[in-house]
Amino acid sequence: MTYKEATQYLFSQIPAFERQGASGYKPGLGTAIALDNWLGNPHRDYPCIHIAGTNGKGSVSNMLAATLQAAGYRVGLFTSPHLVDFRERIRVNGKMIAKRTVSRFVERWLDSGLDCEPSFFELTTALAFEYFKRQKVDFAVIEVGLGGRLDCSNIITPILSVITNISIDHTQFLGNTLTEIASEKAGIIKDGVPVVVGNASQPQVREVFERTAHNHHSPIIIAGDNPIVLGTSHGKDGTLSVITTTFGNNLVCQLSGDYQAENINTALHAIDALRTAGVKIGIRAVKKALAHVCEITGFMARWMVMGKNPTIICDAGHNAGAWQQLSKQLREIKCEQLHMVLGFSADKDIDTVLSMMPTHAIYYFTQAQSPRAMRAQELQAMAAKHGLNGKCFTQATTAYRTALKTASPADAIFVGGSFYVLGDIF
28 MTYKEATQYL
38 FSQIPAFERQ
48 GASGYKPGLG
58 TAIALDNWLG
68 NPHRDYPCIH
78 IAGTNGKGSV
88 SNMLAATLQA
98 AGYRVGLFTS
108 PHLVDFRERI
118 RVNGKMIAKR
128 TVSRFVERWL
138 DSGLDCEPSF
148 FELTTALAFE
158 YFKRQKVDFA
168 VIEVGLGGRL
178 DCSNIITPIL
188 SVITNISIDH
198 TQFLGNTLTE
208 IASEKAGIIK
218 DGVPVVVGNA
228 SQPQVREVFE
238 RTAHNHHSPI
248 IIAGDNPIVL
258 GTSHGKDGTL
268 SVITTTFGNN
278 LVCQLSGDYQ
288 AENINTALHA
298 IDALRTAGVK
308 IGIRAVKKAL
318 AHVCEITGFM
328 ARWMVMGKNP
338 TIICDAGHNA
348 GAWQQLSKQL
358 REIKCEQLHM
368 VLGFSADKDI
378 DTVLSMMPTH
388 AIYYFTQAQS
398 PRAMRAQELQ
408 AMAAKHGLNG
418 KCFTQATTAY
428 RTALKTASPA
438 DAIFVGGSFY
448 VLGDIF
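Using my numbering, you'd call the opening residue of the sequence shown number 28 and step up by one each time.
Laid out in structure tokens, this is it:
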């Protein structure tokens, strides 16, 4: 089996939430446990850090992986979704899993005779866990796919759990209230395992996390209660300068979105928790990791500057919680004209997101080549109700190229709304 054949099987022959939406989502741990037993429970051979949250879990996962790598450890990193290549999901020290390893795993699965019907994410998670064992990693950073309690990654018992933040998303699976969603995310808290919670400013969310941690006898740290990050500013080189209580005033982060201040604060608290647990991480490693996180781990598409003259920025923020932060930073961009290339998945709260958009921009409404994508014409009609006007494009690449041709050197172009739109363009 070739790599192309293996990924075609993964993408088209088994249920996948990212392609199908609700019909591709399989909550529960039964199949994940069956796959894990088939592979000999590989995740038990290395310590894991487990990371959940509505927004920010990808950024925090990559910051922690980069920090452990900079400290000299061999680190597995499992994230989702990918932008261009399936192998982006599974990395060791920033290097993607080999194509042949993926195809051999799928071959073994097809020959296994195992009596279960895994989803795309269940099979991918099993592949990651076994690959990290074979690669003899010192640590694995595991990002939750969706939710927490019933996510197939939740078969692990980590040395540290991290929950970045809570906002309304995936309500059809996780519930319609912050309390219900927090309960699902809190499902990754394990007996006696410390948990770092990034932000629990809402009383009902705090109560869920504190009660769950108490029931599991798990030490809980709420990062927002005792900020390590005191302030941030934007450097001329496009980085984020960070003032901290314990790492000095010269901490620099390559991830320059304003929203990263909270994620950095969460990551630094998680690093302190790891150090308390005996993991050797020096300040120099932390500084190196944050300053070069994208090079170290291959992280992309978080307020990522893709070009200058015009300024081109992309971001994978795709729900209302993310856009509360993105919309503020977009309004602060200094340019003659802002161009917005936008596409969304149809199962998001798009109306709320559109209400936050700058009205002075020129819009290029588009859609990803995904069955979950909202059609460009529908998005255009919905946006018009919020005073947002622009043209329609059925191909994201066409929308992007049109924006490039239209924009002057003094303008700015933003591309985002969906991982899949960015994937098409990349």
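Beta carbons: idealized from backbone N, C-alpha and C, even for Gly.
Who are the near neighbours of residue i in its chain, counting only those whose CB is closer than 6 angstroms to its CB and skipping five residues on each side?
| i | result |
| --- | --- |
| glutamine 47 | With a pLDDT of 47 at glutamine 47, under the threshold of 50, the predicted position of this residue should be treated as unreliable, though the coordinate-derived value follows. Closer than 6 angstroms at the Cβ level, and outside the excluded window around glutamine 47, lies no residue. |
| histidine 296 | Val223, Ile248 and Ala250 |
| phenylalanine 113 | Thr34 |
| methionine 331 | Cys341 |
| phenylalanine 132 | Leu154 |
| asparagine 290 | Gly83, Ser86 and Val87 |
| alanine 93 | Ala316, Val320, Ile323 and Thr324 |
| glutamine 407 | Phe392 and Cys419 |
| proline 246 | Pro221 |
Classify residue i: buried if its beta carbon has 16 or more other beta carbons within 10 angstroms, exposed otherwise.
| i | result |
| --- | --- |
| valine 220 | buried |
| lysine 275 | Per the sequence presented here, residue 275 reads as glycine, with lysine not at that position. With fewer than 16 other Cβ atoms within 10 Å, it is exposed. |
| isoleucine 310 | exposed |
| phenylalanine 38 | exposed |
| alanine 125 | exposed |
| aspartate 438 | buried |
| asparagine 253 | exposed |
| valine 111 | exposed |
| leucine 137 | exposed |
| histidine 244 | exposed |
Since residue i sits in a beta bridge, which residues does DSSP pair it with?
| i | result |
| --- | --- |
| isoleucine 389 | His366 |
| alanine 400 | Ser372 |
| alanine 167 | Cys75 and Gly103 |
| leucine 278 | Val269 |
| alanine 439 | Thr338 and Leu365 |
| valine 332 | Ile340 |
Am I right that residue i and residue j are in contact with their C-beta atoms under 8 angstroms? What's the rounded C-beta distance?
| i | j | result |
| --- | --- | --- |
| alanine 400 | phenylalanine 392 | At roughly 11 angstroms, the Cβ-Cβ gap does not stay under 8 angstroms, so alanine 400 and phenylalanine 392 are not in contact. |
| serine 382 | histidine 345 | That pair is no contact at about 16 angstroms. |
| alanine 395 | glycine 370 | 6 angstroms |
| isoleucine 440 | isoleucine 339 | 5 angstroms |
Give every residue of the same chain whose Cβ lies closer than 7 angstroms to the Cβ of residue i, excluding the five residues on either side of it in the sequence, and list them in chain order.
| i | result |
| --- | --- |
| isoleucine 255 | Thr271, Thr272, Thr273, Asn292, Leu295 and His296 |
| threonine 239 | Ala213 and Ile216 |
| threonine 29 | Ser130 |
| proline 436 | Asn336 and Pro337 |
| aspartate 72 | Lys160 |
| isoleucine 452 | Ala423, Thr424, Tyr427 and Val442 |
| serine 260 | Ser268 |
| methionine 409 | Ile377, Asp378 and Leu381 |
| phenylalanine 446 | Pro108, Leu110, Ala343 and His345 |
If you compare alpha carbons, which of the options is closest to residue i?
| i | options | result |
| --- | --- | --- |
| glycine 140 | Leu353, Trp65, Phe147 and Gly85 | Trp65 |
| valine 168 | Arg101, Glu134, Ser354 and Asn192 | Arg101 |
| glutamate 207 | Val164, Gly55 and Thr81 | Thr81 |
| glutamine 231 | Thr266, Pro246 and Ile193 | Ile193 |
| valine 313 | Met327, Thr338, Gln281 and Met333 | Gln281 |
| alanine 304 | Ala59, Gly417, Cys75 and Leu62 | Cys75 |
| lysine 384 | Lys84, Lys355 and Glu405 | The amino acid occupying residue 384 in the given sequence is methionine; lysine does not appear at that position. Ranking Lys84, Lys355 and Glu405 by Cα distance to methionine 384 puts Lys355 first. |
| alanine 79 | Gly55, Leu56, Arg116 and Val189 | Val189 |
| leucine 415 | Thr386, His366 and Asn277 | Thr386 |
| leucine 151 | Asp299, Ala318, Val171 and Val164 | It should be noted that the sequence gives threonine, not leucine, for residue 151. It is Val171. |
| glutamine 96 | Asn120, Asp264, Ser146 and Gln287 | Asn120 |
| lysine 307 | Met90, Asn68, Lys31 and Gly99 | Gly99 |
| glycine 444 | Glu405, Ala227, Pro145 and Leu353 | Leu353 |
| threonine 433 | Gln364, Thr421 and Ala411 | Gln364 |
Return yes when the C-beta of residue i is under 7 angstroms from any heavy atom of the ligand SAH, and no when it is not.
| i | result |
| --- | --- |
| proline 185 | Looking for the ligand SAH in the displayed structure turns up nothing, as the structure carries no ligands at all. |
Might you give, ordered along the chain, the residues of its own chain that have their beta carbon closer than 8 angstroms to the beta carbon of residue i, omitting 5 neighbours on each side?
| i | result |
| --- | --- |
| leucine 257 | Ile270, Thr271 and Thr272 |
| glutamate 149 | Lys53, Thr58, Ala59, Leu62 and Cys179 |
| methionine 123 | Asp112, Arg114, Glu115, Ile117 and Gly325 |
| leucine 187 | Ile76, His77, Val220, Pro221, Val222, Val223, Ala297, Ala300, Leu301 and Ala304 |
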